[in-house]
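Novice: There's a structure below that I have some questions on.
Numbering (this note's numbering), first residue to last: 18 to 387.
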């Protein structure tokens, strides 16, 4: 009999107990989509109903990006940022008051001429007015027949605030918004850089700090250069419009040149509105066909030269934006915030494009913007 010992049979090791993996989240999960939709709706409501607060903040922020190089230049000359910001804000306020003082007289003249302007317009558009009156009489007769058939109806006239009360209320709101704007502009210029550096300094990851510092620098440089370039171009367009209107003999040429330079911040819509205004002014000022169509056609030629040659050559592709996105942005912000929103639509779109391009998941949206 052999002395070999028989080894016990080997048993397979017990299988490790593994927890089941959680199911992968579907990016199109209905709950997630519903939450995102509710967030977007809440954001839109906040932007719309909070326009009295958000509009001065956004306008001050855009102006601070434009005027930040001025404060930086004064700092290099030895002026502290707080004092340089105060100097810049005072210069902006002085320029605004000077423009208002200069243009108040011609604007008041046109307001006082409004009844006579309406009378002249009715006289020159007599045929169209007669057609409108006939259509209005026919509509009134149809309403009277319907009222006789259904019984007498009682009209209730609700008296609203007078014109003087409305003007006073609007003036108070404008003055309050201007004061808030100037105060916010000063703080953005005086403390904006330190606040941004403090915010970026709270990030733990060094790469994140470097990345967002570069994004902030890109926004500052590109938006400041874009706004400064567009401002210079619009000033040139305003001066050219003033000269052209003066050569045509249009009264208050400086008023229309200033209005043309301001309204040109709204692409597409601004020049079209200005062309219509100049046509009405020419129709009320001149009698001959050449003189009536001359000023608006001259302005159209100036805006075509500026939009198709001058602006693309100077601005280049630094912030080349999609025209469709620009038009939709003007409509959206004009609907949200009125005329100030339309003026801010393009700068807001440019800032969004820079932010989208700086984040990999949002780059497709940046590509749609330009």
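Note that CB positions come from ideal geometry on N, CA and C, so glycine has one too.
1) Where does residue 220 fall in DSSP's three states?
2) Mapping DSSP to helix, strand and coil, what is residue 284?
3) Using DSSP with H/G/I as helix, E/B as strand and the rest coil, what is residue 325?
4) Quick check on the burial criterion: 16 or more other C-beta atoms within 10 angstroms. Buried or exposed for residue 170?
5) Would you kindly work out how many angstroms separate the C-alpha atoms of residue 76 and residue 351, rounded to a whole number?
6) Applying the 10 Å Cβ sphere with the 16-neighbour rule, what's the burial state of residue 367?
7) Cutting at 7 Å between CB atoms, please list the residues of its own chain near residue 369, excluding the five before and the five after it.
8) Does the separation of the CB atoms of residue 343 and residue 288 fall below 8 Å?
9) Would you mind reading off the limits of the alpha helix (DSSP H) that contains residue 266?
10) Can you tell me whether residue 54 is helix, strand or coil according to DSSP?
11) Looking at residue 353: is its Cβ nearer than 8 Å to the Cβ of residue 68?
12) Going along the chain, which unbroken runs of the beta strand (DSSP E) with 3 or more residues stay wholly within the stretch 227-251?
13) Ignoring anything shorter than 3 residues, give me the beta strand (DSSP E) runs that lie fully in the stretch 51-90, in order along the chain.
14) Within 10 angstroms of its Cβ, does residue 106 collect 16 or more other Cβ (buried), or is it exposed?
15) Just to confirm the assignment, what range does the alpha helix (DSSP H) spanning residue 374 have?
16) Just the C-alpha distance for residue 240 and residue 304, rounded to the nearest angstrom, thanks.
17) Using only the alpha-carbon positions, how far apart do residue 61 and residue 301 sit?
18) Suppose the cutoff is 7 Å on Cβ atoms and the five residues either side in sequence are ignored; what does the same chain contact list for residue 258 look like?
19) Starting from residue 384, follow the alpha helix (DSSP H) in both directions and report where the run begins and ends.
20) Under 8 Å, do residue 267 and residue 329 count as touching if we go by C-beta distance?
21) Would you say the beta carbon of residue 372 is closer than 7 Å to some non-hydrogen atom of the ligand MG?
22) Tell me, please, whether the stretch 185-198 touches the stretch 81-88 by the rule of three or more beta-carbon pairs shorter than 8 Å.
23) By how many angstroms is the C-alpha of residue 243 removed from the C-alpha of residue 190?
24) In chain order, what residues of the same chain lie with their CB nearer than 6 Å to the CB of residue 346, ignoring the 5 residues before and after it?
25) Grouping DSSP H, G and I as helix and E and B as strand, with all else coil, what is residue 392?
26) In this structure, how does DSSP classify residue 303 when only helix, strand and coil are distinguished?
27) Give me, in chain order, the residues of the same chain whose beta-carbon lies closer than 6 Å to that of residue 203; leave out the 5 immediate sequence neighbours on both sides.
28) Would you check if the distance between the CB atom of residue 331 and the CB atom of residue 250 is smaller than 8 Å?
29) If the criterion is Cβ atoms closer than 8 Å, does the pair residue 74 and residue 206 meet it?
30) Taking only the alpha-carbon atoms, compute the straight-line gap between residue 298 and residue 374 and give it to the nearest angstrom.
31) Look at residue 213 and residue 233 and say whether their C-beta atoms are less than 8 Å apart.
32) Can you list, in chain order, the residues of its chain whose CB lies under 6 Å from that of residue 295, leaving out five sequence neighbours each side?
33) Between the Cα of residue 337 and those of 360, 247, 349, 279, spot the shortest distance and give me the residue it belongs to.
34) Mapping the DSSP letters down to three states, classify residue 95 as helix, strand or coil.
35) Please tell me whether residue 371 and residue 236 are closer than 8 Å, where the distance is taken between their beta carbons.
36) With distances taken Cα to Cα, identify the nearest neighbour of residue 113 among 198, 52, 95.
Specialist: Here's the rundown:
1) Along the chain shown, one-based indexing puts residue 220 at 203. In the structure shown, residue 220 sits in coil (DSSP, three-state: anything other than H, G, I, E or B).
2) As a working mapping, residue 284 is identified with position 267 in the chain shown. Three-state DSSP puts residue 284 in coil, outside helix and strand.
3) Looking up residue 325 in the chain shown gives position 308. In the structure shown, residue 325 sits in a helix (DSSP, three-state: H, G or I).
4) Residue numbering aside, residue 170 sits at position 153 when the chain shown is read from its first letter. For residue 170, the predicted structure reports a pLDDT of 49, less than 50, and the residue's modelled location is therefore unreliable. The matter cannot be settled from this model.
5) Residue numbering aside, residue 76 sits at position 59 when the chain shown is read from its first letter. Residue numbering aside, residue 351 sits at position 334 when the chain shown is read from its first letter. Approximately 14 Å between the Cα atoms of the pair.
6) Indexing the chain shown from 1 puts residue 367 at position 350. So residue 367 counts as buried.
7) Counted from its first residue, the chain shown places residue 369 at position 352. Cβ neighbours of residue 369 beyond the five flanking positions: 386.
8) Working through the chain shown from its first residue, we reach residue 343 at position 326. Working through the chain shown from its first residue, we reach residue 288 at position 271. No; because the gap between Cβ atoms is not below 8 Å, this pair is not in contact.
9) Position 249 of the chain shown, counted from the first residue, corresponds to residue 266. Here residue 266 belongs to no alpha helix (DSSP H), and DSSP marks it neither H nor E.
10) Numbered from 1 along the chain shown, position 37 holds the residue referred to as residue 54. Reduced to three states, the DSSP call for residue 54 is helix.
11) Stepping through the chain shown from its first residue, residue 353 is reached at position 336. Stepping through the chain shown from its first residue, residue 68 is reached at position 51. Contact flag set, yes.
12) none
13) none
14) As a first step, residue 106 must be located in the chain shown, where it is residue number 89. Under this definition residue 106 is a buried residue.
15) Translated into the one-based positions of the chain shown, residue 374 becomes position 357. From DSSP, the alpha helix (DSSP H) with residue 374 extends over 340-374.
16) Walking along the chain shown from the start, residue 240 turns up at place 223. Walking along the chain shown from the start, residue 304 turns up at place 287. Cα-Cα distance, rounded: 45 Å.
17) Your numbering for residue 61 matches position 44 in the chain shown. Your numbering for residue 301 matches position 284 in the chain shown. The straight-line gap from Cα to Cα measures roughly 43 Å.
18) In the chain shown, the residue the question calls residue 258 occupies position 241. Same-chain partners within the cutoff: 273, 274, 277, 316, 319.
19) For the purposes of this step, residue 384 is taken as residue 367 along the chain shown, with counting starting at 1. Start and end: 380-386.
20) By 1-based counting over the chain shown, the position of residue 267 is 250. By 1-based counting over the chain shown, the position of residue 329 is 312. Not a contact, by the Cβ cut-off of 8 Å.
21) Absence of the ligand MG is noted for the structure shown, with no ligands found whatsoever.
22) no
23) The residue labelled residue 190 in the question sits at position 173 within the chain shown. The residue labelled residue 243 in the question sits at position 226 within the chain shown. Those two C-alpha atoms are separated by around 30 Å.
24) Position 329 of the chain shown holds residue 346. The residues are 362, 366.
25) A query on residue 392 cannot be resolved here, the shown segment of the chain reaching from 18 to 387 and no further.
26) Taking the chain shown and counting its residues from 1, one reaches residue 303 at position 286. The answer is coil: DSSP assigns residue 303 none of H, G, I, E or B.
27) Indexing the chain shown from 1 puts residue 203 at position 186. Hits under 6 Å: 102, 106.
28) Sequence index remark: in the chain shown, residue 331 carries index 314 (1-based). Sequence index remark: in the chain shown, residue 250 carries index 233 (1-based). The answer is yes: Cβ separation under 8 Å.
29) Position 57 of the chain shown, counting from 1, holds the residue named residue 74. Position 189 of the chain shown, counting from 1, holds the residue named residue 206. Not a contact, by the Cβ cut-off of 8 Å.
30) Sequence index remark: in the chain shown, residue 298 carries index 281 (1-based). Sequence index remark: in the chain shown, residue 374 carries index 357 (1-based). Those two C-alpha atoms are separated by around 45 Å.
31) Position 196 of the chain shown, counted from the start, is the residue given in the question as residue 213. Position 216 of the chain shown, counted from the start, is the residue given in the question as residue 233. Yes, the Cβ-Cβ distance between residue 213 and residue 233 is below 8 Å.
32) In the chain shown, residue 295 corresponds to position 278, counting from 1. Only 312, 313, 316 meet the Cβ criterion.
33) Residue 337 sits at position 320 when you count from the first residue of the chain shown. Closest option to residue 337, Cα to Cα, is 247.
34) Working through the chain shown from its first residue, we reach residue 95 at position 78. In the structure shown, residue 95 sits in coil (DSSP, three-state: anything other than H, G, I, E or B).
35) Taking the chain shown and counting its residues from 1, the one referred to as residue 371 is at position 354. Taking the chain shown and counting its residues from 1, the one referred to as residue 236 is at position 219. Going by C-beta atoms, residue 371 is nearer than 8 Å to residue 236.
36) For the purposes of this step, residue 113 is taken as residue 96 along the chain shown, with counting starting at 1. Ranking the options by Cα distance to residue 113, first place goes to 198.
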